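Below is one structure; the comments refer to it alone.
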Amino acid sequence: MSLAPAQAHEAYIGPSSEPIQLSAFLDSARHVEAGTEERRPLPVFAQSSAALPKEAREVWTCLSADEQESIKAECRVDDLRTILEDTIHDPRLMGHVTRTHEASVYAIYETAEPTKRKRKRPTLADPAQEIPEVTALREKHEAIKLKCWPLTMRAAPFIRPPRQPDHNTLIYVKQVGTGPTSEANSEDALVFVTIYTRVSWGQKIPTRASQHVLLASQTLGDLFEAIPCASNELPEEIRDESGKITGFTAPRRDGDMEVDRGGGAVICIEDVLYGDGQSQDDYADKVVRLVQSLPESKRGKLAKGPSMHDTKLSSLTIRLHEPYWILHAGNCEHFFSISSVRLRHPSDPQAGYPLTTQITPPLLDFCRVCTKVPAVYSIVGDIRLGESPFLICAPCWRGMGEPKDGAEVLVVPLPKHELGWTTG
-4 MSLAPAQAHE AYIGPSSEPI QLSAFLDSAR HVEAGTEERR PLPVFAQSSA ALPKEAREVW
56 TCLSADEQES IKAECRVDDL RTILEDTIHD PRLMGHVTRT HEASVYAIYE TAEPTKRKRK
116 RPTLADPAQE IPEVTALREK HEAIKLKCWP LTMRAAPFIR PPRQPDHNTL IYVKQVGTGP
176 TSEANSEDAL VFVTIYTRVS WGQKIPTRAS QHVLLASQTL GDLFEAIPCA SNELPEEIRD
236 ESGKITGFTA PRRDGDMEVD RGGGAVICIE DVLYGDGQSQ DDYADKVVRL VQSLPESKRG
296 KLAKGPSMHD TKLSSLTIRL HEPYWILHAG NCEHFFSISS VRLRHPSDPQ AGYPLTTQIT
356 PPLLDFCRVC TKVPAVYSIV GDIRLGESPF LICAPCWRGM GEPKDGAEVL VVPLPKHELG
416 WTTG
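So the sequence shown is numbered by the numbering used here: it starts at -4 and just counts up by one.
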């Protein structure tokens, strides 16, 4: 069943929460830590022991060492973690678990969707040819008596193939900044932000592009600088004295600290526009003028706020899972939502904020000659290719040779997805 655009939007973002004032959250957390508001619940869940009432902490400290150790042993899951890690680190055991899971999913699909195109049936190894370790793991799984352990037909509506946003280009968390600053401390809060962008084949449908973690003491400008976007990698035009385009600069690399973020930006949160403040007439002023030029019945209640680089997250009143708007680089739009806010925990990274935890791999256009590898050039004005622009890979372009008859051809380098996508 296909989703209407509005339904698809709600499937990705929302529903939103009640307004949350982040400064009030931090104040409440400090009062709980000081023991002056033991019974007042925090507006957002926190993973710190400071969120526990003072009475609960006193009860734990009053227990003897043997009683504390007994409770820890009862709640400990080290045995399950050890089994899981041993299975994941052994390719033979992990391969068996993966093939068994795929076979179960295939059986459910085959029964639930008998009229649809058949999927490739996964093959299972012959039990007689299994190694002893795999046999022991299989028999252990078969001996599990939990009725909820195996997948049943009731799981069919909740099973789907992996989508592009389910993948991650990062192999470990990327440290974008140098936070925490001297102003940050253990009572600071972590703000979890998800960035969305429109899919190329359906401009009304958003898809997750990246996920980030910021400190409440950091600014909206820190968030904007952390977002990877192909617009930041577009090559600049090279013009001659007459203004004619003669070429393009090479794409900029991630290590370049002087990267131009597109010439302007604005972030809209709860009808307040936060411009980049890089000019006297920034994007926030332009959006306000655009809204004022609309008929009165279509005007929003937008107002210009301070610069994004001067606006700390802790000063905002936000709603969780509410889509907010970003515009930069002329007409490049993003949406973002705050999924959760919590206190910092001692196990959290101590530096490097903002952190990037997930980046969706970009979909690349393949070469239209060999159709085997991604294109790296966009060729404009070459009559030999039959269309302009024409996407082509480097080996195929070298094979084409230089254009003849003095044809004016432009070779435009495509973004390499290095600025923000790499882990370094």
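Every residue gets a Cβ at the ideal spot worked out from N, C-alpha and C, and that includes glycine.
All values reported here derive from a predicted model rather than from experimental measurement.
Reference residue i; option with closest CA among the options
i, options, result
"V283", "R294, V406, S274", "R294"
"R116", "L132, P109, V129, A102", "A102"
"P410", "L229, D377, E97, H162", "L229"
"Q275", "G258, V286, T214", "G258"
"I354", "L58, V188, I66, S11", "V188"
"I200", "T93, L315, H329", "H329"
"G174", "D343, A204, Q206, D266", "D343"
"L421", "F243, Y167, G381, G300", "This structure does not reach residue 421, given that the chain is present from -4 up to 419, and the question cannot be answered."
"S18", "L315, L308, G216, S237", "L308"
"T147", "I66, R94, A107, A211", "A107"
"V261", "E291, L88, D305", "D305"
"V404", "G376, D81, K239", "G376"
"G394", "E382, V406, V364", "V364"
"C327", "L141, L132, Q198", "Q198"
"L209", "K142, A151, V186", "V186"
"Q159", "A204, V171, Y167, R133", "A204"
"A211", "A402, V407, L350", "L350"
"I240", "L21, V406, T417, E13", "V406"
Three-state class that DSSP yields for residue i in the structure shown
i, result
"Y101", "helix"
"T192", "strand"
"L132", "helix"
"Y278", "helix"
"E80", "helix"
"P152", "helix"
"T202", "strand"
"A19", "helix"
"L75", "helix"
"V371", "coil"
"E13", "coil"
"W55", "helix"
"E108", "coil"
"P127", "helix"
"L37", "Reliability of the predicted coordinates at L37 is poor, the pLDDT of 40 falling under 50, and no value is obtained from them."
"H329", "strand"
"G259", "coil"
"T118", "coil"
"P408", "strand"
Cα-Cα separation between residue i and residue j, rounded to whole angstroms
i, j, result
"L119", "G90", "10 Å"
"R379", "E397", "11 Å"
"P109", "R193", "33 Å"
"C391", "H323", "34 Å"
"F219", "I233", "28 Å"
"D271", "S310", "17 Å"
"L414", "P356", "13 Å"
"F361", "A389", "12 Å"
"W320", "S334", "15 Å"
"L315", "E137", "42 Å"
"V100", "P157", "13 Å"
"G242", "I387", "17 Å"
"A179", "D266", "Any reading at A179 is ruled out, since the residue's pLDDT is 47, under 50, leaving its predicted position unreliable."
"S11", "E317", "5 Å"
"A221", "I313", "20 Å"
"E97", "T244", "47 Å"
"R34", "I15", "In this predicted model, R34 has a pLDDT of only 41, less than 50, meaning its place in the structure is not dependable; the value taken from the coordinates is given anyway. Between R34 and I15, the C-alpha separation is close to 19 Å."
"E231", "S292", "40 Å"
"C70", "L141", "20 Å"
"H207", "A225", "17 Å"
"T56", "A68", "17 Å"
"V168", "T352", "5 Å"
"L338", "L75", "28 Å"
Burial state of residue i (16 or more Cβ within 10 Å)
i, result
"F153", "exposed"
"M479", "Because the chain is modelled from -4 through 419, residue 479 falls outside the range shown and cannot be assessed."
"H162", "exposed"
"H412", "buried"
"I8", "buried"
"V54", "exposed"
"T214", "buried"
"P223", "buried"
"L358", "exposed"
"W144", "exposed"
"V371", "buried"
"H340", "exposed"
"M288", "Per the sequence shown, the amino acid found at residue 288 is Ser instead of Met. S288 is exposed by the Cβ-count criterion."
DSSP bridge partner residues for residue i (one or two, in chain order)
i, result
"R234", "I240"
"R337", "L185"
"Y167", "Bridge partners of Y167: none, in fact."
"Q353", "Q206"
"H323", "A260, C327"
"P390", "DSSP, once it has assigned bridges, lists no residue as partnering P390."
"I378", "Paired residue(s): none; I378 is not in a bridge."
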